[in-house]
Every structure is written in C-alpha cells, then in structure tokens.
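Quick notes on the structure that follows.
Below you can see the structure in the form of structure tokens.
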C-alpha cells in the first residue's frame, strides 16, 4: 500500500498565531457585530482553522455604549438569570441591562454564538469589551483594522515615496495569461 503524499495539517497551541484586533462598535447592530466578533474569536477567518483548538484572535471591542438594536428590541428583548435561590428567577429588558452595564449586553450575545463547552468558555476570555473608546491593551500592539498598508514596519508612503509605486501597490492583484 502506498503512503499518502499529502498530509492534513492541524493547528495546535504551539503553531497558532494569535493577534490582537480592535473592533469599534459605534453605530453597529448588536447581532451583526457579535457574529463577526465570534468568528474572529473562534478563528474561522484563518486558513488553519481547527475546530478543537483555540486558534482565534484576541478581540478588543471599544465603544460598547454606542451599539444599536433594531426595532423594539430595547423594550421587548429579555434577559433571564437566576439567583440560585427558590423563586429567584429575574427578568430584565435589553434597556435595563444596557443602562446597568453595556459590556454585558455584548458579552452575552457573543457567548451565545460560541460553542457550549470548555473551549467556548476559554474562547470567551479572548474578548475584552470596553464601554468607551479607551482601552488598556496598548502594550499588545493591536491591529486597529483601518486597512493601512505597512511594509517592514513602515507606512506605505514612507517605504515607496513615488506616488506611482504607491498606486500600483494598492491595486488588486490580477492573474494574467502568459503564452
């Protein structure tokens, strides 16, 4: 029997390249924003995604107090919790939860989009929610996601001083037929 010439490479804790990503929640709908954040935390946007490994990135979510809900969800959506005592079920609307702690609204939405097991609980620790635009993770040098091109740590304008080269570098790559 012949040996396989190809191998499926699975990511593990040692080979995962974890980054820090900043996501701005200002003016974003809660569900759409949290589904994108859950994909980043889970690592589904990476080519080496492995379902049983924490291969996602760390997410810093800022401006949690400026998130939006559509329709009548501020008054109609309810969050249920239990104190642990008999008759201790408590119900709060989205508006009540938001006024008490805006970060909790986002954390509970992302938690519902992650796996319900040990891995999901570990993945939720990669989410860092801040109510305003300031965050405490500057030491991790997070990617702000503004789409600026850096080459060898320098901005594109500094690396290529000629405007023609900058223009060509920012163009999408195309495959040309060679004969």
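In the working numbering, the protein residues as written are 11 to 189. Virtual Cβ for every residue (Gly too), placed ideally from N, Cα, C. On a predicted model such as this, the values are computed, not experimentally measured, just so you know.
Check: Tell me which residues share the same chain as residue 62 and place their Cβ nearer than 8 Å to its Cβ, disregarding the 5 neighbours each side in the sequence.; Outcome: 129
Check: Can you find at least 3 beta carbon pairs, one from the stretch 49 to 65 and one from the stretch 102 to 119, that sit closer than 8 Å?; Outcome: no
Check: Can you pull the DSSP bridge partners for residue 85?; Outcome: In DSSP, residue 85 forms no bridge with anything.
Check: For residue 70 and residue 117, what's the separation of their Cα atoms in angstroms?; Outcome: 12 Å
Check: Should residue 149 be labelled buried (16 or more other beta-carbon atoms within 10 Å of its own) or exposed?; Outcome: exposed
Check: Taking three-plus beta-carbon pairs below 8 Å as touching, is the stretch 22 to 35 in contact with the stretch 92 to 106?; Outcome: no
Check: Work out the CA separation of residue 40 and residue 95 for me, nearest whole Å.; Outcome: 31 Å
Check: Assuming contact is defined by CB atoms lying nearer than 8 Å, are residue 24 and residue 72 in contact in what I supplied?; Outcome: no
Check: Spatial neighbours of residue 65 within its chain, please: CB distance less than 7 Å, with the 5 preceding and 5 following residues excluded, ordered by chain position.; Outcome: 21, 26, 53, 56, 58 and 59
Check: According to DSSP, simplified to helix, strand and coil, what is residue 107?; Outcome: helix
Check: Within the same chain, show all residues whose beta-carbon is closer than 8 Å to that of residue 78, passing over the 5 residues directly before and after it, in chain order.; Outcome: 37, 38, 39 and 40
Check: Leaving out five residues on either side along the sequence, give the residues of the same chain with a beta carbon under 7 Å from the beta carbon of residue 108.; Outcome: 115
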